[in-house]
Amino acid sequence: MRHPRIRKGKPQFPKLLGGLVAFLLTLAAYLPSSPLRLTAIAASGALQRQIGSMGWQPNARAFLFHVPFHRQEHALSCEAASLRSALLGIGVDVSESELLSKLPADPTPKTGTAWSGYGWGDPQRGFVGDVDGRMPSTGYGVFDQPLKFVADMYASSSLIRVHDTRAIDAALRERHPIIAWYVLGNRPSVMQWTTPEGKFIRAPLYEHTVVVVGYRGTADAIEGVYIIDPITSLRYEPWTDFVWRTSFFDHRGLEIAPGTKNKE
1 MRHPRIRKGK PQFPKLLGGL VAFLLTLAAY LPSSPLRLTA IAASGALQRQ
51 IGSMGWQPNA RAFLFHVPFH RQEHALSCEA ASLRSALLGI GVDVSESELL
101 SKLPADPTPK TGTAWSGYGW GDPQRGFVGD VDGRMPSTGY GVFDQPLKFV
151 ADMYASSSLI RVHDTRAIDA ALRERHPIIA WYVLGNRPSV MQWTTPEGKF
201 IRAPLYEHTV VVVGYRGTAD AIEGVYIIDP ITSLRYEPWT DFVWRTSFFD
251 HRGLEIAPGT KNKE
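For the sequence shown, the positions run 1 to 264 when UniProt numbering is used.
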């Protein structure tokens with residue numbers, strides 16, 4: 001599946017104003033101790049009120065809140081690193097190493113060849129492969145259910161679909177970070193294998209996770225999302241790109257909210 005091209009046209013004035021609002025919100029969220037913060041908040045509010053008075057609010061609205069960036073500490077620990085960032089976003093400080101120690105693992109060794117067919121573990125059961133390995137030769141990753149198990153030791157998590165704009169809006173309005181499963185690269189492929197129990201696994205390459213912390217647009221028409229990548233930090237991504245990348249994982253997402261569900 002090829003990456004969909006985004007048609008470029010002449011920049012629209014409302015969208016340029018929306019970009020300025022987003023920039024001011026980024027300053028406010030990610031420079032919490034800077035003297036620029038109050039100025040950015042005031043300027044953003046004034047500009048959004050002006051945009052609203054012009055009837056341009058749907059195309060220019062931006063929302064972003066601060067979630068600390070944590071760089072993943074292992075080659076394939078993006079899920080634990082994303083969970084650490086999301087937990088920090090709700091005021092819970094847990095090290096990546098602690099999260100990894102609690103994360104279920106599927107110890108099934110990789111067997112077979114491309115010709116005979118591969119056998120390996122189940123990412124919905126636990127981490128598959130070596131967290132310090134290389135994808136897909138010696139390591140892969142983990143999907144939403146095992147990560148939710150760990151998240152619920154420190155927070156209250158909910159499974160959501162990240163292509164649902166209303167779900168994104170509802171979570172972010174409550175300042176709940178969202179972990180999304182996401183494919184890297186412009187020409188993703190899908191690896192397939194079978195578990196010892198006979199379950200068929202479809203594993204997109206290259207599997208990754210990011211944390212959604214804001215968006216531009218409205219709950220009905222999101223233009224793009226602000227994400228924290230555990231490799232590269234904060235960035236903005238057009239909505240069409242985000243939906244395409246998450247579609248390889250059926251738009252899996254994990255909303256992280258305060259409170260706990262599981263006791264250790």
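The beta-carbon is built from N, C-alpha and C at its ideal position, and this holds for glycine as well.
Going by C-alpha to C-alpha distance, which of Ser158, Lys199 and Arg134 sits closest to Lys148?
Ser158
Where do the ends of the beta strand (DSSP E) carrying Trp193 lie?
Ser189 to Thr194
Looking only at DSSP bridge pairs, what is Trp181 linked to?
Thr209
Taking the Cβ atom as the reference point for each residue, do Leu206 and Met153 lie within a distance shorter than 7 Å?
According to the sequence provided, residue 206 is Tyr. The question's Leu does not apply to it. No. Outside cutoff.
With a threshold of 16 other CB atoms inside 10 Å of the CB of Ala114, please say whether the residue is buried or exposed.
exposed
My output table needs one value for Asp144: the three-state DSSP class, helix, strand or coil.
helix
Bridge-paired residues (DSSP) for Glu237:
Val225
Kindly indicate which three-state DSSP category Ile201 falls into: helix, strand or coil?
strand
Between the alpha carbons of Asp106 and Tyr118, how many angstroms are there, rounded?
15 Å
Collapsed DSSP secondary structure at Leu76 in the structure displayed
coil
Taking the straight line between their C-alpha atoms, what separation do you get for Gln196 and Gly253?
According to the sequence displayed, residue 196 carries Pro and not Gln. In a straight line, the C-alpha of Pro196 is about 27 Å away from that of Gly253.
Can you tell me whether Gln72 is buried or exposed, with buried defined as 16 or more other CB within 10 angstroms of its CB?
buried
For Trp193 and Thr111, the rounded distance between their alpha carbons:
9 Å
Asn59 to Glu237 span [Cα, whole Å]:
Bear in mind that the predicted position of Asn59 carries a pLDDT of just 41, short of 50, making it too unreliable to give a figure here.
Taking DSSP's pairing of strands, which residues face Ser156 in a bridge?
Ala257
Counting only the same chain and skipping the five closest in sequence on each side, list residues whose C-beta sits under 6 Å from that of Glu174.
none
Identify, in the order they occur along the chain, each residue of the same chain with its Cβ nearer than 6 Å to the Cβ of residue 282, setting aside the five sequence neighbours on each side.
The chain is shown only over 1 to 264; residue 282 falls outside these bounds and no answer can be derived.
Which value, in whole angstroms, describes the spacing of the CA atoms of Arg245 and Pro109?
28 Å
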